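Residue numbers (the numbering used here), protein chains in the order written: chain Z, -5 to 326; chain U, -5 to 326.
A short write-up of the structure that comes next.
Below, the structure is given as structure tokens:
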């Protein structure tokens, strides 16, 4: 089943208004959810929407609160999210980072006390649409053991890099765990083996069996000890800049809330060699794609390229939905 | 064989002066090389020193040139390395980023046209000693295939994060490839299997056999497609900020030179909650280390902790050296 982008957006807006998010904010939040599904990030679009509504119901998200600036510290601007909706807060902070980048080449906004931002790529694309490079990351509840450990002590702390490149920007959105729990569940449901090692089984052996990893909750960091260290550092830097909670402190709360996030924009148009940079990007991407492929049937592509194909298809033919999820939203 | 730290430093200084680096610069460069070996990073200390001398001889490094500021673009300061010695250039740029952080909380310096910075952790530790968080990365010559490709099109682009934490700072220094060529060579020499997958063999199967990977030169990015994307993004951002060459453009030169680097310092003491942040760091590290270990004999530790043990041992008992390398330096 496929649902038109506009229909999905209108339906999200109807539900959000029912739950107390009004006017332009409802329209914006609805668009951000619909954009995720439009671009093929179904896990953080339609499929995440019911969970977002639950986080309003359980009090994690305060629908009336919005992020506002709390401190200006030289080149750093700190915002307090007041536990408002994570996507609206992130939107406001990215918008502000872009404004600052227009003034100072680089803009840095750090946000404390916020909620899950849903699809992080949205804010990277905001930067790109404003002619900026976007770099943003968040901490999360502890959901990944450090390398060598069995118990979750680190977040998977996704980071986004977005670089302008005409119609098909470069967009990278990666968590520090090899696979998200959503991905593990999907492989387990289908009984499919993971394409690469994903975590530990109960005998403490590394495995590609998603069901075994869901049992131990011991997912692997990307690059083993390297991703473990990167996750730790992204968490500490987000907490330093924002003044907000570390992943460990988020884990002390009854639900995943009061997160710390960082939004950086770099205004490429303010660089005297902005046009030459655009050429350097194009040349690098073209060079990447000429690498002979390991599997002749699967040419090399750069991050973000396939997304634009999915977007065009979904805008033309409607967004593929899991019927039960879509019908659940219609009933909200 | 173990060599006292002071002896090693004096010997490096003697050779550097012979090759045209004089006065304080010779002392500083010698110290940076010796510090790497002192902290156990032998590959980028003593063992790298003869290669550095060769890069002077082959003209990649101009011993008389030093990085200098080239453009001030709002919050970004661009420096031109003029192909001077990579470690001295990196030192100057990190020192300037720290100065800017003291003024504006965050300092960002981007450096073009420089040479290999030897051990990157040195500059992270500079930040920490000045009460700052340090974040720095470099691009490199293309030495890693993108995910799905067989030919090197990306650099391994190491990144460092350093966070102050009393006597034992948190220090992460990771390249975007799973293993460096130096590591692969060391495993191959010893005929030892890599602890995790490291690259592809000639039949395009993923392998732990270092010799096979040295044959194909197809090393694995950390987290497969994720590290491939991260490497690309670090390269593009370094080139954007510095105005310097991308990894692809570095690959057009006869030797690895004219690199692009980024140095960011965040002054923790300028944060109104700096002391509370120090507590958040301590609590996070303590929490990390209480995770039950996968292997009961190997407790979890945070990045940088073991380094301080090695440093104390090497300062007390001398720095372990490969005799042939040390004698080679004595003969220079």
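Quick reminder that beta carbons are idealized off the backbone N, C-alpha and C, glycines included.
Since this is a predicted model, take the numbers as computed values, not measurements.
Residues of its chain near residue i, where Cβ-Cβ distance is below 8 Å and the 5 sequence neighbours each way are ignored
i                      : result
residue 80 of chain U  : 55, 108, 109, 110, 111, 112 and 253
residue 230 of chain U : 240
residue -2 of chain U  : 312 and 313
residue 196 of chain U : 206, 209 and 210
residue 20 of chain Z  : 7, 10 and 11
residue 283 of chain U : 293, 294, 295 and 296
residue 200 of chain U : 191, 193, 194 and 214
residue 317 of chain Z : -5
residue 174 of chain Z : 37 and 150
residue 65 of chain U  : 71, 72 and 237
Residue i burial status per 10 Å Cβ neighbour count (16 or more: buried)
i                      : result
residue 250 of chain Z : buried
residue 328 of chain Z : Since the first residue of chain Z shown is -5 and the last is 326, residue 328 of chain Z is not available in this structure.
residue 71 of chain U  : buried
residue -5 of chain U  : exposed
residue 315 of chain Z : buried
residue 280 of chain Z : exposed
residue 184 of chain U : exposed
residue 140 of chain Z : buried
residue 25 of chain U  : buried
residue 274 of chain U : buried
residue 220 of chain U : buried
residue 303 of chain Z : exposed
residue 308 of chain U : buried
residue 137 of chain Z : buried
residue 306 of chain Z : exposed
residue 291 of chain U : exposed
residue 53 of chain U  : exposed
residue 276 of chain Z : exposed
residue 234 of chain Z : buried
residue 198 of chain U : exposed
Rounded Cβ spacing between residue i and residue j (contact assumed at less than 8 Å)
i                      : j                      : result
residue 226 of chain U : residue 296 of chain Z : 7 Å
residue 91 of chain Z  : residue 259 of chain Z : 4 Å
residue 116 of chain Z : residue 133 of chain Z : That belief does not hold up - the Cβ atoms of residue 116 of chain Z and residue 133 of chain Z are roughly 18 Å apart, past 8 Å.
residue 326 of chain U : residue 47 of chain U  : 6 Å
residue 126 of chain Z : residue 261 of chain Z : 5 Å
residue 29 of chain U  : residue 301 of chain U : Actually they are not in contact, since the Cβ atoms of residue 29 of chain U and residue 301 of chain U sit about 11 Å apart, beyond 8 Å.
residue 120 of chain Z : residue 144 of chain Z : Actually they are not in contact, since the Cβ atoms of residue 120 of chain Z and residue 144 of chain Z sit about 39 Å apart, beyond 8 Å.
residue 63 of chain Z  : residue 257 of chain Z : Not confirmed; about 13 Å, so no contact.
residue 146 of chain U : residue 181 of chain U : So it is not a contact: roughly 20 Å between Cβ atoms.
residue 99 of chain Z  : residue 68 of chain U  : 4 Å
residue 131 of chain U : residue 4 of chain U   : Between residue 4 of chain U and residue 131 of chain U the Cβ distance is about 32 Å, and since that is not below 8 Å, they are no contact.
Spatial neighbours of residue i in its chain, beta-carbon cut-off 7 Å, leaving aside the 5 residues before and after
i                      : result
residue 176 of chain Z : 37
residue 237 of chain Z : 72 and 106
residue 42 of chain Z  : 112
residue 35 of chain U  : 113 and 115
Cutoff 6 Å; reference residue i; Cβ partners in own chain excluding five residues on either side
i                      : result
residue 155 of chain Z : 129 and 166
residue 101 of chain Z : 91, 94, 95 and 259
residue 222 of chain U : 140, 141 and 215
residue 27 of chain U  : 6, 39 and 43
residue 178 of chain Z : 204, 207 and 208
residue 49 of chain Z  : 55
Residue i at chain C interface by Cβ criterion, 8 Å
i                      : result
residue 250 of chain U : Absent from the structure: chain C. Protein chains present are Z and U.
- Message: To test your reading of the DSSP string, which unbroken beta strand (DSSP E) runs of 3 or more residues are found completely within the region 189 to 274 of chain U?
- Response: As for any beta strand (DSSP E) of minimum length 3 sitting wholly inside the region 189 to 274 of chain U, the runs are 253 to 261, ordered along the chain.
- Message: With three or more C-beta pairs closer than 8 Å as the rule, is the region 49 to 66 of chain U touching the region 6 to 21 of chain U?
- Response: Enough Cβ pairs lie closer than 8 Å, so yes.
- Query: Hey, which unbroken runs of the alpha helix (DSSP H) at 4 residues or more fall wholly within the region 99 to 127 of chain Z?
  - Reply: Entirely contained in the region 99 to 127 of chain Z, the alpha helix (DSSP H) runs reaching 4 residues are, in chain order, 115 to 123.
- So does the region 93 to 107 of chain Z actually touch the region 72 to 79 of chain Z, counting three or more Cβ pairs closer than 8 Å? Counting Cβ pairs under 8 Å, three or more are found: they touch.
- Message: I'd like to know if the region 256 to 265 of chain U and the region 166 to 185 of chain U are in contact, where contact means that at least 3 CB-CB pairs between them fall below 8 Å.
- Response: Look at the beta carbons and you see the region 256 to 265 of chain U not touching the region 166 to 185 of chain U: under three pairs across the two are nearer than 8 Å.
- Message: Using 8 Å as the cut-off, can you tell me whether the region 159 to 166 of chain Z makes contact with the region 185 to 192 of chain Z, which would need three or more C-beta pairs spanning the two stretches below that distance?
- Response: Fewer than three pairs of CB atoms, one per stretch, sit closer than 8 Å, so the region 159 to 166 of chain Z makes no contact with the region 185 to 192 of chain Z.
- Query: What are the uninterrupted segments assigned as beta strand (DSSP E) that are 3 or more residues long and contained completely in the region 31 to 83 of chain Z, given in chain order?
  - Reply: Taken in chain order, the complete beta strand (DSSP E) segments of 3 residues or longer contained in the region 31 to 83 of chain Z are 62 to 67 and 70 to 74.
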